[in-house]
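Per the working numbering, residue 41 is the first one in the sequence shown, and the count goes up by one each step.
All residues carry an ideal CB built from backbone N, CA and C; glycine is no exception.
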Amino acid sequence: MKIYGMVAMLTILGSNWVHAAGAFWQADINKIVTDTNTGLCAVWVIPGPQDNGLVNCDTRWINFDCSGDFQSKSQGITSFNLAQLAFVTSRPISVYVNDTNRIDVGTTQYCYAEQVQVNP
């Protein structure tokens, strides 16, 4: 009887809850964008979030939350600065992205990068 209740609860919650996940991977940065109107500071990474199983994210863009929606603004800017350092020195990054926290700009869902490290 308890199994049926759990199946019913998962069905009610829907696919977004079932697919919510995080992933940690190494990526190369292809492009950087900022937008002061939306607080967006994002990078285009290869491989992208969807390549790493994050189906609720854009295929290639990740966001560092410079607007302070999920963390302090200074933490977001520091993470974005690390990504910029990696980009200008042509070094890869290791990044942890969670697909439950997103900034939606138009039809693009930029998933939030909770952690970033510049690799040697």
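*Hey, out of Ala153, Asn77, Thr99 and Leu80, whose CA is closest to Pro87's CA?*
Thr99
*Three-state secondary structure assigned by DSSP to Ala63*: strand
*Does the beta-carbon of Asn103 have 16 or more other beta-carbons within 10 angstroms, so that it is buried, or is it exposed?*
buried
*To the nearest angstrom, how far is it from the Cα of Thr129 to the Cα of Ala82?*
17 Å
*asked:* Can you tell me whether Gln155 is helix, strand or coil according to DSSP?
replied: strand
_Neighbour-count burial assignment, Ile143, 16 or more Cβ in a 10 Å radius_ = buried
*Can you tell me the Cβ-Cβ gap for Thr148 and Trp101, rounded? I've got them flagged as a contact below 8 Å.*
7 Å
_What residue range does the beta strand (DSSP E) around Thr140 cover?_
Ile133 to Val145
*Please list the segments of the alpha helix (DSSP H) lying wholly inside the region 90 to 119, counting only runs of 4 or more residues, in order along the chain.*
none
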